[in-house]
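If you read the protein sequences in the order shown, they are chains A and B.
Letter 25 of the first sequence, counting from 1, is numbered 408 in this note's numbering, and no numbers are missing.
Letter 146 of the second sequence, counting from 1, is numbered 332 in this note's numbering, and no numbers are missing.
For glycine and all other residues, C-beta sits at the position ideal for the given N, C-alpha and C.
Remember, it's a predicted structure, so these values are computed and weren't measured experimentally.
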Amino acid sequence: MSEEPRIGVFVCHCGINIGGYVDVPKIVEYSMTLPDVVYAEPNLYTCSSDGLQKIKEAIEKHNLNRVVVASCTPRTHEPLFQGACEEAGLNKYLFEMANIRDQCSWVHMHEPEKATQKAKDLVRMAVAKARLLTPGDEPEIDIHPTGLVIGGGVSGMTAALSLMNQGFKVHLVEKADKLGGALNELGTLFPTNVKAGELLRPLIKGVEESPDIVVHLNSALKEVKGFLGNFEAEIESKEGSERFEVGTVIVATGADYLDPVGLFGYGEVHGVVTQLELEQKMKEGSLGDVKSVVMVQCAGSRIEERPYCSRICCTEAMKNASLLKEEDPDRDIYILYRDLQTYGIEYTEMEWDAKRKGVKLVKYDKARPPVVTRGERGPMVKVWASLLNEELTIEPDLVVLSAPLVPNPDNKTLSQQLKVPLNSDGFFMEAHVKLRPLDFATDGIFVCGTAHSPKEVAESISQAKGAASRAGIPMAKGRVRAAAITAVVDEDRCCGCGICIELCPYNAITKDEMGIARVTSVVCKGCGVCGASCPERAITMRHFTNEQLEAQGLAALGRVVD
Amino acid sequence: MTDFEPKIVGFLCNWCSYAGADLAGVSRFQYPPNLRVIRVMCSGRVHPAHIMEAFKNGADGVLVAGCHPPNDCHYISGNLKAQRRVALLKMLMAQLGLDPERLRLEWISAAEGDKFARVIREMVSNLKELGPSPLHDSEAVIAGDD
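Shown next, in the form of structure tokens:
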């Protein structure tokens, strides 16, 4: 670019998230002292429509040809700011961010002066890179109008039907020998007490009858290669393996119930079952003469080993307790709980309903959990009732453990096949909890249902429809622009050694007739391994060039090169 | 040496470790403000010269962080390439009289905000014990070309 850089710096307060710890006016003042910075301003929220408008106005008014925003993380907000630049006619690759919130103000909350110094350094680094930025030309890629849905439970089937209704073909992969997933095991579903089978039937019928949905039962994913628009999936079953091309992938592999062996007498004391087993007995009508029931909440959740709340168990217990009371109002039913989390409108109403029917709620402490032993005629439960400040002894016919949902054991393998992350509990982790709740950070891959976290059926259906809508966007467009973060070879410098060809994980580099390395841009994914291996420094990794990285390094250490 | 505040340059891969650093922030895990992060798409992007340039220009420590091997790497195997390079570079550093401990390679996933904060705390404390880099104010040219 022959033009001299004219950089504008926008420093975000992010309310008090940055402004409460970092001296934003000082950062703005400091920015103006940096080379090639011709304009700087503070914003309350740079990402607000007002903030974006200010970027656009400043580009025009001050003839900016580079923009730096010092705010949160590029992982979530870079596309938004790049969009503003593009609207003002500035190529999006002439934009750079300084992460002064997630990696500065939030992690140095007790050291405002040092945080401010670090924020200055981060802005200096971003400006150093911005000075060397060049515009990028994004190649367009075709999107294969077929979706891959992994998991044939309520989430996966809902997503598949939604994609089909948008006009796309779908491959639905299910590891079991039938569709339906966890709902095959359940009796009735809160809040309406619809039978799980009645909810499943039309879904299964719709999926099986659709000519656009190919169902692969008894099948597992073996390999996925490629990227948004052009994934190549290989699935495996007893019959052999099969390959097909898809444009997008939805992960809907569900969750498992914890097998609570060793907890609260399960597997040791006769008459101790899980909520799932209770549902199956109720569904089959094999409950027998049960006059009293004790339900134990948080049976294996919200403990050190498994710190999360399983979200559905409180309402599940209310539902089953109410159903048991409706069958026989004389039944004695206790729910032993730590904290009741019957959230929202309908589930709180279910709690009140259960209470009106006479279900007794007993609060226990995590430190003094109920103890279940073998009594004279069945299980015996001793529980310290913390609100009564006394120990209760109950001898019920049945103890029902509200065991949590746990991650599907296949998650680990699948996360590595798809290169998408799991959270510390082992569930799939979305790109951003609020901004991109159904996307993975990797373009073209989405998540829904209990693969993501414990949730009930209505929430799983909402997520599945949302994930299918998200997946439908690039497929409806038919073409998307790929990032212009690719490698390019300087043919005058290339000595033809071929190291880059061997190291490229995508086979994107070949030798031409002159023995010089050539990169096929649409195949290059932009990792930069080649650029880090070239002994002649003949490879430029666009947007992460050697010069840019080294300028950032120099700036990090307080050195500014004019 | 109690006033010595080491300067650390960190090369973090976009997909795992940079996300882990963001999660440390979202979780408000506090760590010392000695690190300056350079985002790269993959830990395999980091050229040994980038690391040596940082040392040459006054870094007391350098962190390279990527996705967990063997299979978490977004680019299939860039992390393994980073691992090989760092191992070789540490041997070279020892020959140059630069303590290899000053260069640290870590695998930090997008879910490991706590690990990220712990690694930075450990690095700062180790570097405080090691003291300033012997390359401070040194004229020695150690990186390959200009």
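Legend entry - Spatial neighbours of residue 231(B) in its chain, beta-carbon cut-off 6 Å, leaving aside the 5 residues before and after: Correct list: empty, nothing qualifies.
Legend entry - Proximity to residue 961(A) [Cα-Cα], best of 898(A), 872(A), 867(A): This structure does not reach residue 961(A), given that chain A is present from 384 up to 945, and the question cannot be answered.
Legend entry - C-alpha distance - residue 479(A) paired with residue 919(A), whole-angstrom precision: Each residue's alpha carbon lies about 28 Å from the other.
Inset, instruction - Assign residue 735(A) to one of three DSSP states: helix, strand, or coil. - result: DSSP places residue 735(A) in helix when its eight states are reduced to three.
Legend entry - Enclosing alpha helix (DSSP H) for residue 796(A) [first to last residue]: Looking at the DSSP string, the run of the alpha helix (DSSP H) that includes residue 796(A) is 794 to 801.
Inset, instruction - Going by DSSP, name the residue or residues bridged to residue 815(A). - result: For residue 815(A), which the question treats as bridged, DSSP gives the partners 819(A).
Inset, instruction - Below 8 Å on the Cβ atoms is my guess for residue 443(A) versus residue 471(A); work out the distance and round it to an integer in Å. - result: The C-beta distance from residue 443(A) to residue 471(A) rounds to 6 Å, short enough to meet the 8 Å contact threshold.
Legend entry - Closer than 8 Å to chain B by CB, residue 837(A): For residue 837(A), no CB of chain B lies under 8 Å from its own CB, so it is not counted at the interface with that chain.
Inset, instruction - Might you give, ordered along the chain, the residues of its own chain that have their beta carbon closer than 8 Å to the beta carbon of residue 434(A), omitting 5 neighbours on each side? - result: Its chain contains 393, 395, 426, 427, 428 as the residues whose beta carbon lies nearer than 8 Å to that of residue 434(A), once the 5 sequence neighbours on both sides are disregarded; these appear in chain order.
Inset, instruction - Round the Cβ separation of residue 482(A) and residue 456(A) to the nearest angstrom and send it over; I've been treating them as touching at under 8 Å. - result: Right, their Cβ atoms sit about 5 Å apart.
Legend entry - residue 624(A) - partner residues in DSSP beta bridges: DSSP lists 619(A) as partners of residue 624(A).
Inset, instruction - Scan the stretch 238 to 251 of chain B for residues whose Cβ lies nearer than 8 Å to a Cβ of chain A and list them as they occur along the chain. - result: Those would be 239, 240, 243, 244, 245, in chain order.
Legend entry - Reference residue 804(A), options 304(B), 266(B), 295(B), closest by Cα: Distances from the CA of residue 804(A) to each of 304(B), 266(B), 295(B) were compared; the closest alpha carbon is that of 295(B).
Inset, instruction - Determine whether the Cβ of residue 314(B) lies closer than 8 Å to any Cβ atom of chain C. - result: No chain C is present in this structure, whose protein chains are A and B.
Legend entry - 6 Å Cβ shell around residue 907(A) - same chain, five flanking residues per side excluded: Taken in chain order, the residues that qualify are 869, 870, 891.
Legend entry - Assigned secondary structure, residue 608(A) (DSSP; H/G/I helix, E/B strand, else coil): It is a strand residue.
Inset, instruction - Starting from residue 743(A), follow the beta strand (DSSP E) in both directions and report where the run begins and ends. - result: Taken as a continuous stretch (DSSP letters only), the beta strand (DSSP E) holding residue 743(A) covers 743 to 746.
Legend entry - 7 Å CB neighbourhood of residue 350(B) in its chain, flanking five on each side removed: Residue 350(B) lies beyond the range of chain B shown here (187 to 332); nothing can be said about it.
Legend entry - Assigned secondary structure, residue 331(B) (DSSP; H/G/I helix, E/B strand, else coil): The pLDDT assigned to residue 331(B) is 38, lower than 50, so where the model puts this residue is not dependable; a value taken from the coordinates is nonetheless given after this. Correct three-state label for residue 331(B): coil.
Legend entry - Which of helix, strand or coil DSSP assigns to residue 306(B): Residue 306(B) falls in the helix class under three-state DSSP.
Legend entry - Exposure label - residue 301(B); buried when at least 16 CB within 10 Å: Label assigned to residue 301(B): buried.
Inset, instruction - Please classify residue 174(B): is it buried, with 16 or more other beta-carbons within 10 angstroms of its beta-carbon, or exposed? - result: Residue coverage of chain B in this structure runs from 187 to 332, which leaves residue 174(B) outside it and unanswerable.
Inset, instruction - With a threshold of 16 other CB atoms inside 10 Å of the CB of residue 523(A), please say whether the residue is buried or exposed. - result: By the 10 Å Cβ count, residue 523(A) comes out exposed.
Inset, instruction - List the residues that DSSP assigns as beta-bridge partners of residue 578(A). - result: Answer is 571(A).
Inset, instruction - Check the Cβ-Cβ distances between residue 216(B) and every residue of chain A, and say whether any is below 8 Å. - result: Nearest CB-CB separation between residue 216(B) and chain A: below the 8 Å threshold.
Legend entry - Where residue 195(B) meets chain A, residues with beta-carbon distance less than 9 Å: Near residue 195(B) (Cβ distances below 9 Å), the residues of chain A are 935, 936, 939, 940.
Legend entry - Within 8 Å, strictly: CB atoms of residue 912(A) and residue 261(B): Yes, the pair counts as a contact, with Cβ atoms nearer than the cut-off.
Inset, instruction - Could you tell me which of 706(A), 942(A), 657(A) sits nearest to residue 577(A), measuring between CA atoms? - result: Comparing Cα positions, the closest option is 706(A).
Inset, instruction - Kindly examine the ligand FMN and report whether one of its heavy atoms sits closer than 7 Å to the Cβ of residue 549(A). - result: Summarising the ligand content, the structure contains no ligands, and the ligand FMN is consequently not present.
Legend entry - Inter-stretch contact (C-beta, 8 Å, three-pair minimum) for the stretch 457 to 477 of chain A and the stretch 496 to 512 of chain A: In short, these stretches do not touch, since the Cβ pair count stays below three.
Inset, instruction - Run down chain B in chain order and give the residues with a C-beta less than 9 Å from the C-beta of residue 505(A). - result: In chain order: 222, 223.
Inset, instruction - Could you please tell me which residues of the stretch 905 to 932 of chain A, in chain order, have their CB closer than 8 Å to any CB of chain B? - result: Taking a C-beta cut-off of 8 Å against chain B, the contacting residues of the stretch 905 to 932 of chain A are 908, 909, 910, 911, 912, 914, 915, 916, 920, 924, 927, 929, 932, listed in chain order.
Inset, instruction - Starting from residue 498(A), find everything on chain B with Cβ-Cβ shorter than 7 Å and list it in chain order. - result: What residue 498(A) touches in chain B: 219.
Inset, instruction - Locate the beta strand (DSSP E) running through residue 788(A), then write down its first and last residues. - result: According to the DSSP assignment, residue 788(A) belongs to the beta strand (DSSP E) that extends over 788 to 790.
Legend entry - Residues near residue 400(A) in its chain [Cβ-Cβ closer than 6 Å; skip 5 each side]: So the list reads 484, once near-sequence residues are dropped.
Legend entry - Within 7 Å of chain B by C-beta, residues of the stretch 773 to 806 of chain A in sequence order: Flagged, chain order: 799, 802, 804, 805, 806.
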